[in-house]
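Take a look at the structure set out below.
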Amino acid sequence: MLLSISTVACVLSERSAWADIGGREFVITVYPTDTASLEKNIAEAADHGATGVLLVVDGVSDESMKSIRQTPDLTKQRGLELWLGISQRWETTPRLMGHFATEQVAGIAFLFPTPQGEPAEPGNLAAQLEIRKRGEQLGKLIRQVKAGLQENQKLAVCVAASEIDPETARDRFVPVKGLIRDGTLDCVCLAGAERMNFHRLRLLRDVPLEAGIYLDRDSSEERHRAGLLERAALATVDNSTCDCLWLSGFPTALAARVVPQAVERREQAKARQEALDEAIQRGTLVVDQEISDEDCNDQATVHGVAQSFVPSRDGECPLVQLYVAIRGCSGPLPPPLEVEIRGDDADKPGEAVLAKAGIPAAEFGHESTYRWGSAYFDPPVSLKKGKKYWIHLPAARHPEGSFVWRIVKDGANTRGRAWSRSYDYASHTWVYRVFMTKDN
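Each residue of the sequence shown is one higher than the one before, starting from 18 at the first, in our numbering.
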């Protein structure tokens with residue numbers, strides 16, 4: 018069983034599958050370019066788990082349309098749905114649809130830009146009524162587009178969650194709820210709604226509705242985009258009410274690489290945890306030292322900290338677990354959290370590193386969602402009964418965020434205590450688990 022724990026990541030990485038994103042629909046934007054580039058982008062999307070492509074055709078001339086009429090054949094060859102994306106000049110939708118046979122296009126998707134303004138003042142009813150009025154006019158236009166589609170073609174809206182109610186709309190109110198109720202919309206993707214219970218939208222009518230997460234490239238700075246893609250992917254698979262992830266504006270190569278990799282890493286973490294649970298159940302791994310997460314009452318950043326422990330017997334330690342969350346990370350996830358086992362030097366961590374491992378940031382939640390993360394030591398570190406050791410975490414600061422570790426204030430005891438390079442933590446203890454192989 019120990020072998021299966023340490024090798025499960027390798028086994029998973031050898032599967033073909035960048036696979037899908039937990040069975041959800043995954044739609045990536047492509048743009049009208051030359052045929053060779055289109056073919057390359059569509060192939061890349063298909064090879065990395067996309068289920069559909071969103072061809073943005075705003076402002077495309079009739080001459081340009083000649084080169085992209087091949088898109089349906091390219092998507093069909095790859096088994097992808099083809100959607101036409103419109104973010105402006107909606108009045109041209111019928112003409113654009115006329116360039117394609119009915120069976121070639123799954124539907125139309127209206128893409129609304131990231132809102133930049135501020136909502137109307139809460140007490141200004143007149144302003145909110147005017148916002149609602151303009152939204153109702155927009156709804157009429159959307160219904161006209163729906164009426165022009167064939168029976169088997171769908172209509173989707175991709176918009177920020179703030180824009181679906183007049184009192185919170187920052188740019189323009191999009192009457193999504195009314196369009197759901199009357200059957201106009203077949204799919205709704207919302208930005209800024211990663212933790213939303215999408216059943217709230219489905220309860221607006223009796224027939225099925227596809228609903229999920231939307232991410233617009235322009236909602237972030239370029240340096241944040243890979244991290245936001247990763248977070249959106251994990252939010253999609255973590256939200257059981259989410260059907261899909263739609264991306265707009267991201268380079269195909271970036272989206273096709275980052276999203277499935279993030280999901281794969283999460284699946285690897287789950288597989289490792291399942292293997293660990295089985296090993297514990299079989300008795301091949303046992304917890305030798307721990308502080309329960311039920312006892313924690315505070316937290317602190319990982320700024321160069323450690324936790325001492327004293328093994329109850331001789332043996333090998335293949336892993337430790339820490340109860341941690343990510344703080345203040347709006348962009349890329351931090352690098353893996355570095356975990357070391359060190360000896361003792363005058364009641365503080367010694368200089369010699371006995372074992373080292375990293376815990377991927379994807380194993381943790383964002384504060385205040387703490388999760389157990391596992392540091393696997395390969396080879397396991399040999400421990401001696403009655404000897405003091407330290408779980409040492411070097412400073413882990415990242416430009417966009419940091420790690421926070423749960424702590425039990427005044428929880429120190431004879432078998433372990435917390436340590437900080439900057440503060441006096443001697444009376445406290447971090448929340449942790451030290452595992453050892455079964456004593457034969």
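Glycine residues also receive a C-beta, built at the ideal position from the N, C-alpha and C atoms.
Note that this is a predicted model, so its numbers are computed, not measured.
Please report the straight-line C-alpha distance between residue i and residue j, rounded to a whole angstrom.
i	j	result
N58	G375	34 Å
R438	A323	9 Å
I297	R289	12 Å
R299	G403	26 Å
L19	A372	Caution applies to L19, whose pLDDT of 40 falls short of 50 and renders its modelled position unreliable; the value that the coordinates give is listed next. If you take the alpha carbons of L19 and A372, they lie about 17 Å apart.
D260	F215	9 Å
S391	A53	45 Å
Y393	L410	14 Å
Q285	R86	40 Å
L155	G266	23 Å
V304	D294	12 Å
N141	I148	11 Å
W35	P397	Note that W35 has pLDDT 37, beneath the 50 cutoff, so the model's placement of it is unreliable and the number below is only indicative. Spanning the two alpha carbons is a distance of roughly 30 Å.
D310	D223	42 Å
Y449	T318	15 Å
S236	R274	20 Å
Determine whether the beta carbon atoms of residue i and residue j lie at a separation below 7 Å.
i	j	result
V191	A228	no
A435	W447	yes
L262	I230	yes
R129	I103	Note on residue identity: the sequence assigns Phe, not Arg, to residue 129. Cβ atoms of F129 and I103: not closer than 7 Å.
Q145	P89	no
G69	L97	yes
T50	V73	no
L232	A249	yes
P351	H65	no
E56	L91	yes
D331	K401	yes
T370	E355	A quick correction: the sequence has Val, not Thr, at residue 370. Not in contact: V370 and E355 (Cβ atoms no closer than 7 Å).
D188	G134	yes
A178	L207	yes
Closer than 8 Å by C-beta to residue i: which residues in its own chain qualify, once you throw out the five before and the five after it? Chain order, please.
i	result
Q8	No answer is possible for residue 8: it lies beyond the span of the chain, which begins at 18 and ends at 457.
L218	V193, K194, I197, V205, L226 and A228
K455	G300, T301, L302 and V303
Can you give me the start and stop residues for the alpha helix (DSSP H) that residue i sits inside?
i	result
I159	L142 to A164
G209	Where G209 is concerned, there is no enclosing alpha helix (DSSP H), given that its DSSP letter is neither H nor E.
H216	H216 to R219
E384	Run containing E384: none; DSSP gives neither H nor E here.
E295	T269 to R299
V254	R242 to D255
K472	Given a span of 18 to 457 for the chain in the structure shown, any question on residue 472 remains unanswerable.
Below 6 Å CB to CB, which residues in the same chain sit around residue i once its five sequence neighbours on both sides are set aside?
i	result
Y387	Y340, A342 and R423
Q306	F326 and V451
S444	D427 and A429
G345	G418
V176	F129 and V191
A412	H320 and G321
A67	F43 and I45
So, at 7 Å on beta carbons, what are the nonlocal neighbours of residue i in its own chain, with the 5 sequence-adjacent residues on each side left out?
i	result
T201	I159, R160, K163 and L172
At what residues does the beta strand (DSSP E) containing residue i begin and finish?
i	result
G316	As written in the sequence, residue 316 is Gln, which differs from the Gly given in the question. Counting along the chain, the beta strand (DSSP E) containing Q316 begins and ends at D315 to T318.
T88	First-last for T88: T88 to Q94, but that is the alpha helix (DSSP H), not the beta strand (DSSP E).
H395	According to the sequence provided, residue 395 is Asp. The question's His does not apply to it. Element bounds for D395: R388 to L400.
Q167	Neither: Q167 is in no beta strand (DSSP E) and is coded neither H nor E.
V70	G69 to V73
T15	Any property of residue 15 remains undetermined from this structure, which presents the chain solely from 18 to 457.
G433	Neither: G433 is in no beta strand (DSSP E) and is coded neither H nor E.
K373	P366 to I376
V341	G332 to R344
Using a threshold of 6 Å, is the CB atom of residue i nearer than that to any non-hydrogen atom of the ligand GTP?
i	result
Y340	Because no ligand of any kind appears in the structure shown, any question about the ligand GTP cannot be addressed here.
Q: Would you be able to state if there are at least three C-beta pairs under 8 Å between the stretch 252-264 and the stretch 202-219?
A: Two segments are said to touch when three or more pairs of C-beta atoms, one from each, lie closer than 8 Å; by this definition the stretch 202-219 touches the stretch 252-264.
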